[in-house]
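S.K.: The structure that follows is given in the form of structure tokens.
Numbering (UniProt numbering), first residue to last: 1 to 155.
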């Protein structure tokens, strides 16, 4: 009986020694297994931002316009609070003759960014690479057909 007890104790001691040595179970290191999220390559940097001002219209032009650079491209972004009057042939333009945009801009220094996508809500326009946004002082919502500015945001 003593031999059985001694043999059992010896086996337990050897097993414990092996388990507590190099072969012991170690806590699981999840950081070593789970991939670490990488920083997103898409970083938008706001270059300029302005609040829309209404120009001689019954319906107010509201919201915020921002010029942002993302992945080497420049965008003009209107926030979700953007709203303006309805009209035909409404354009989004960058204006260069001062921070205040007059009612009529035909013949002024401006660049057309594109057709207005919607009369309300958030929108995003890719600015053509040939347009240097640093040359412009405001963004305007302009009806080309009647040469009427609905509103503008100084940048």
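The C-beta atom is built at its ideal place from N, Cα and C for all residues, glycine as well. Model, not experiment: these values are computed from the prediction.
1) Let's see if you can read the secondary structure: which residues bound the beta strand (DSSP E) around residue 89?
2) What is the rounded straight-line gap between the Cα of residue 80 and the Cα of residue 119?
3) Within the same chain, show all residues whose beta-carbon is closer than 6 Å to that of residue 117, passing over the 5 residues directly before and after it, in chain order.
4) Report, in whole angstroms, the separation of the C-beta atoms of residue 93 and residue 60, which I expect to be a contact under 8 Å.
5) What residues in its chain sit with their C-beta under 7 Å from that of residue 55, if we drop five residues either side in the sequence?
6) So, helix, strand or coil for residue 132, using DSSP?
7) Give a yes or no on whether the C-beta atoms belonging to residue 142 and residue 77 are separated by under 9 Å.
8) Using CA coordinates, which residue listed in 65, 108, 62 is at the minimum distance from residue 147?
9) Please state whether DSSP places residue 117 in a helix, a strand or coil.
10) Kindly list the residues whose CB is nearer than 7 Å to the CB of residue 75, restricted to its own chain and excluding five residues on each side of it in sequence; keep chain order.
11) Which one of 44, 49, 121 has the shortest CA to CA distance from residue 84?
12) Using only the alpha-carbon positions, how far apart do residue 34 and residue 134 sit?
M.R.: By the coordinates alone:
1) Numbered from its first residue, the chain shown carries residue 89 at position 89. That residue, residue 89, is in no beta strand (DSSP E); it is neither H nor E in DSSP.
2) Residue 80 sits at position 80 when you count from the first residue of the chain shown. Residue 119 sits at position 119 when you count from the first residue of the chain shown. The straight-line gap from Cα to Cα measures roughly 11 Å.
3) Locating residue 117 in the chain shown gives position 117, where the first residue counts as 1. Result list for residue 117: 123, in chain order.
4) Within the chain shown, the letter at position 93 stands for residue 93. Within the chain shown, the letter at position 60 stands for residue 60. Not confirmed; about 19 Å, so no contact.
5) As a working mapping, residue 55 is identified with position 55 in the chain shown. Excluding sequence neighbours, residue 55 sits near 101, 103, 149, 150, 151, 152.
6) As a working mapping, residue 132 is identified with position 132 in the chain shown. Three-state DSSP puts residue 132 in coil, outside helix and strand.
7) Position 142 of the chain shown, counting from 1, holds the residue named residue 142. Position 77 of the chain shown, counting from 1, holds the residue named residue 77. Contact: no.
8) Reading the chain shown from its first residue, position 147 is the one you call residue 147. Nearest option by C-alpha distance: 108.
9) Within the chain shown, numbered from 1, the residue matching residue 117 stands at position 117. Coil.
10) Residue mapping note: residue 75 aligns to position 75 of the chain shown, counting from 1. Excluding residues within five positions, the ones whose Cβ falls inside 7 Å are 68, 124, 125, 126, 127.
11) Looking up residue 84 in the chain shown gives position 84. Per the Cα distances, 121.
12) The count along the chain shown starts at 1 and reaches residue 34 at position 34. The count along the chain shown starts at 1 and reaches residue 134 at position 134. In this predicted model, residue 34 has a pLDDT of only 49, less than 50, meaning its place in the structure is not dependable enough to derive any value.
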